[in-house]
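Step one of this worksheet: look at the structure below.
There are 2 protein chains.
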Amino acid sequence: MSVSVKHPLDVMIRKLGGSGRFSQAEMFALKSLSVVVRTLEAHHDIVPEGGPATHCCIVLSGWTCCYQLLDEGRRQLLSFHLPGDLPDLQGLHLSEIDFGMATLTPAVVAYVPHTDLRRLIESFPGISTALWHEAQVSAAIHRAWMSSLGRRAARERLAHLFCELYLRLKAVGLANGNTLPMPLRQPDLADALGLTSVHVNRTLKDLREDGLISLKARRLEILDWARLQAIGQFSPRYLHG
Amino acid sequence: MSVSVKHPLDVMIRKLGGSGRFSQAEMFALKSLSVVVRTLEAHHDIVPEGGPATHCCIVLSGWTCCYQLLDEGRRQLLSFHLPGDLPDLQGLHLSEIDFGMATLTPAVVAYVPHTDLRRLIESFPGISTALWHEAQVSAAIHRAWMSSLGRRAARERLAHLFCELYLRLKAVGLANGNTLPMPLRQPDLADALGLTSVHVNRTLKDLREDGLISLKARRLEILDWARLQAIGQFSPRYLHG
DNA sequence: CGCTGGCTTGATAAAGTTCAAACGGGGTGG
DNA sequence: CCACCCCGTTTGAACTTTATCAAGCCAGCG
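Just so you know, the sequences run in chain order X and C. Numbering (our numbering) for the first sequence: 1 to 241. Numbering (our numbering) for the second sequence: 1001 to 1241.
In structure tokens:
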């Protein structure tokens, strides 16, 4: 009987498809990755916008986000990242990254050099495919966000985002019944959804008064999943391809 | 002296980095891809939203776009694609695509089976890297669009898009001085930028009256590149990584 | 207790939408 | 060759959604 030793990258491996997806050699290669692990406070930059791309970062615990800054203090959040995610996998084959990354909660992240990851991709087809898949799911999420930002009204955007986060959290075991942690503050939601925090506040109030959600003490409860999904025109298809 | 035979995929190969990037074996493999070539009229669906993903499509000539549909006739364009582009490379490792593709002009496209492309990726590191890079640039464009949709005003969005299209067209030799073909109709621009066509119309008028662009007979002339770039907060960095 | 950071609310303004109608120009059929 | 038609563009006026500015509130924490 095999002893299952806990490995820091276990969350990521599970996220990439679980040990069932990889050969023994691939599992070994993944677990042999030499990573630097760092613990960060909430609301801290992980990597600022525009630096050279040399490492990929893996979220081991906590929430992080990617963002871009414009002038006059404008900010657009590009994605949220949960444990197991590789937020800047999208920069693996770029010489320079065009976005910043920050923590939203206290978080633990691991850094892997691009060179190591590229070597893995060249040597192990299973790992290559898993990383391709991961990157393409994240592109699919980008597309869904574009549709929200471009064509959905404020309450639809919120509904859509809450549906997405609920399913993604459930997938990594971080949702509890119809309840999920909601560390995002209203200005964070605003910057993700292309709204102002004032308007997010009023729209949240609407959703609450309509009996769709309850939001207090940093926890979001989904009271009417079917209706929330309908309002957000949410179809879970895109989360897995 | 080697005879250079014209190959249908030449545009794509050039786009992926040119023959200098690939080994002889890789060039041979690329040119041996068996593709189905099809000529399409303007404003025709290439692939409708939500089908199973089995082939990748390569634009050989003309303009195409990716889109998502919402209810009440709402539509969001997700990207524009020019000759040499692989619009649905982002679906190569997904079982099902979450977006549709359509022509914007008369176009010629080639179809390659996913299986063939995946085999190339497994066998040829140079091709794998080139395709990764291509996919990641397209994700970078997605990010730039998210910032536009979420945080830029109408005239800024138009300015940003025009800057992007100008550089991309120039890169494939389709811009002429400061002039570029502009087959997009105002409703297309509107669906790309998350606006109404009426508002696009008024905003274009503003840009024209400010001496920034001239737009007639399906050609866009950029009269003041520096100012257009400034208005759109456009930084070309993201187009190459 | 009293601060502080985020939440809530109100009043007003701006940006963008909607509806509706007229315009224009290139292609087609009489 | 002209008249017509059609599709996209342009313009106007009224309306909605969202932003802005500003002040008060509340809860958790030192």
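A virtual CB, placed ideally from N, CA and C, is assigned to each residue, including glycine.
Only those residues of the stretch 1146-1157 of chain C whose C-beta falls short of 9 Å from the nearest C-beta of chain X are listed: M1146, S1147, S1148, L1149, G1150, R1151, R1152, E1156. Listed along the chain, the chain C residues whose CB falls inside 8 Å of the CB of X:L70 are S1147, R1151, R1152, Q1233. C:L1077 and C:A1192 do touch by the CB rule: their CB atoms are close to 4 Å apart, below 8 Å. With fewer than 16 neighbouring CB atoms inside 10 Å of its own CB, X:E72 falls in the exposed class. Sorting C:N1176, C:H1043, C:D1045, C:H1007 by C-alpha distance to the C-alpha of C:F1028 places C:H1007 at the top. With fewer than three CB-CB distances shorter than 8 Å, the stretch 90-99 of chain X does not count as touching the stretch 1054-1061 of chain C. By a beta-carbon distance limit of 8 Å, X:L40 contacts X:A107. Their separation comes to about 5 Å. What C:R1014 touches in chain X, judged by beta-carbon distance under 8 Å, is nothing: the nearest beta carbon there is about 18 Å away. Looking only at C:R1151, C:M1182, C:R1227, C:T1203, the smallest Cα-Cα distance to C:L1220 is reached by C:M1182. Within the stretch 1127-1143 of chain C, contact with chain X at the beta-carbon level (separation under 8 Å) is assigned to S1128, T1129, W1132, H1133, A1135, Q1136, V1137, S1138, A1139, A1140, H1142, R1143.
Shown here, C:D1188 sits in a helix according to DSSP, grouped into three states. In the three-state reduction of the DSSP assignment, X:Q229 falls in the helix class, which pools H, G and I. When only Cα atoms are considered, X:Q186 and X:G18 end up about 34 Å apart.
Partner residues in a beta bridge of C:M1182, as assigned by DSSP, do not exist. Burial of C:S1128 is indicated by the presence of at least 16 other C-beta atoms within 10 angstroms of its C-beta.
In this structure, the CA atom of X:G232 is about 30 Å from the CA atom of C:G1232. Shown here for X:R208: same chain residues with a beta carbon closer than 8 Å to its own, the five before and five after excluded, namely S214, L215 in chain order. Residue environment: X:H142 is assigned as buried (16 or more neighbouring CB atoms within 10 Å of its CB, all protein chains considered). Beta-bridge annotation (DSSP): X:T54 is not paired with any residue.
Under the DSSP assignment, X:T203 falls in the alpha helix (DSSP H) whose first and last residues are 197-209. Residue-level contact check: X:R74 touches chain C, since one or more beta carbons of chain C fall below 7 Å from its beta carbon.
According to DSSP, C:M1101 shares a beta bridge with C:V1047, C:C1066. Contact annotation: X:R168 and X:L82 have beta-carbon atoms nearer than 7 Å.
Annotation: X:F28 has no Cβ neighbours in chain C at a cutoff of 7 Å; minimum Cβ distance is about 20 Å.
No Cβ of chain C is located within less than 7 Å of the beta carbon of X:L184. One alpha carbon belongs to C:R1237, the other to X:V37, and they sit about 30 Å apart. For a Cβ distance threshold of 8 Å, residue set E122 of chain X lies close to C:P1125, ordered along the chain. Counting the other Cβ atoms within 10 Å of the Cβ of C:T1064 gives 16 or more, which makes it buried.
Note that the C-beta distance between C:C1066 and C:P1048 is not below 7 Å. DSSP, reduced to helix, strand and coil, places X:H7 outside both helices and strands of the structure shown, so it counts as coil.
Under the 7 Å criterion on CB atoms, X:F99 is classed as interfacial with respect to chain C.
The beta carbon of C:L1094 sits closer than 7 Å to some beta carbon of chain X. The residue from C:S1123, C:I1222, C:S1148 with its alpha-carbon nearest to that of C:K1170 is C:I1222. In this chain, the alpha helix (DSSP H) harbouring C:Q1024 covers 1024-1032.
With the criterion set as a beta carbon lying under 9 Å from some beta carbon of chain C, the members of the stretch 187-210 of chain X are D191, A192, L193, G194, L195, in sequence order.
In this chain, the beta strand (DSSP E) harbouring X:F80 covers 75-81.
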